[in-house]
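Notes for the one structure printed next.
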Amino acid sequence: MNLRNNRKKSRKSRSFSLNRRLKRRLIVLGEGLALGLCVCLVIFCGWKLISIIGEYGSGSKEYSQLEQYVLSEPLDPDETDSGDNTGSTEDGDTELLQRLDLASLQEINNEAIGWIEITGTKINYPLVHTTDNSWYLTHTFSGDENSSGCIFVETANSADFTDLHTIIYGHNMKNGSMFGTLKNYKKQGYYENHPYIFIDLADGTHCYQIFSCHEAETSDISYTIGYAQDDVYQAFLDELTASSLYDTGVSVSTSDSVITLSTCTNNGTARFVVHAKKLY
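The structure is reproduced here in structure tokens:
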């Protein structure tokens, strides 16, 4: 009887010992897998970070090189005698001053239509217009695939800005490039220091004065176009003005054509928009 009991105890002891060793091995294996996963995650995050930094760098370099085609600084309307940006031809006619070598830009990209600049900010980029609003979300001016994208005009708008309302899109990049500084217009002081947007087109430089800044959903009236100079358009302008985060003191009427600069925010589907009316 004692012999049988001893054998049973011996088998139980060996079984317990095997189970304990197996558990230890499983724990060690689990710890090894966890460590391996952590290492893989660190490597992936590092690769992703390097990739993002590389994209930022290549995008910034490309756009910095394109600035050579902007031949002069825009004229602040507050600093000009006539309040516009016109000069005189030999025949005595007035014409918009040219400061952009658009032909050279179009040799690089035939969808180039001009340039956008807000002096004193990072917004200083070529403008494109195409038939696909999604293409320039992931491609730069030269056509390289890059998350920086390019500043582009709504495809349903006329490329020559003859519509009463023209929409311009750009990414809210974390490094402040593209339309990454547009959100600074949430503060009235920033607006007061940067009230003008300059748009260079084939016919010369145009100046727009900001009159409203606010957040908007993609379904907001800010994204409607195709207006005529009537009461419907005036109601549209009134709503844009009323939506502003602060009073700019700038009035708009049906005789004004306006532009909207739009970029994404961190608030889901919300966008940040800046509206400006054409001065010349």
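Residue numbers for the sequence shown follow the numbering used here, so the first one is 5 and each next one is one higher. Note that beta-carbon positions come from the ideal geometry of N, C-alpha and C, so glycine has one too.
In this structure, DSSP gives L104 an extended state, which the three-state scheme calls strand.
Here the segment 184 to 202 makes no contact with the segment 150 to 164; the two share fewer than three CB pairs at distances below 8 Å.
Annotated three-state conformation of N188 is helix, per DSSP. Between Y284 and I201, the alpha-carbon positions lie close to 11 Å from each other. Taking 8 Å as the upper bound for CB-CB distance, L101 and G253 are not in contact here, some 27 Å apart. The criterion of a C-beta distance shorter than 7 Å is satisfied by C268 and N176. Going by DSSP, F145 is part of no alpha helix (DSSP H) at all; its letter is neither H nor E.
Residue state for T245 is assigned as helix, using DSSP reduced to three classes. Taking 8 Å as the upper bound for CB-CB distance, K281 and Y212 are in contact here, some 6 Å apart. Under the rule that a run must span 3 or more residues, the beta strand (DSSP E) segments found entirely inside the segment 250 to 279 read 262 to 268. Here DSSP, grouped into helix, strand and coil, assigns F183 to coil. For K190, the CB contacts under 8 Å within the same chain, skipping 5 residues up- and downstream, are C217, L249, F276 in chain order. DSSP places I225 outside any beta strand (DSSP E), giving it a letter other than H or E. By the beta-carbon neighbour count (other beta carbons within 10 angstroms, threshold 16), S152 is buried. Boundaries of the beta strand (DSSP E) around T170: 169 to 173. DSSP, read as helix, strand or coil, puts P130 in strand. With a cut-off of 8 Å on Cβ pairs, the segment 229 to 240 is not in contact with the segment 137 to 152, counting fewer than three such pairs. In this model, P130 and E121 are separated by some 9 Å (Cα to Cα). In the three-state scheme derived from DSSP, where H, G and I count as helix and E and B as strand, E121 is classed as strand. Residue pairing for Y200: DSSP places it in a beta bridge opposite Q213. From the listed residues T170, E243, L70, the smallest Cα separation to C154 is found for L70.
Out of I117, P199, S181, the CA that lies nearest to the CA of D82 is found in P199. A residue is called buried once 16 or more other Cβ atoms fall within 10 Å of its Cβ, and D204 is buried on that count. The beta carbon of E115 sits closer than 7 Å to the beta carbons of V132, H133, T134 from its chain, once the five residues preceding and following it are set aside; these are given in chain order. Across the set T264, D251, F240, the C-alpha of F240 shows the shortest separation from the C-alpha of T258.
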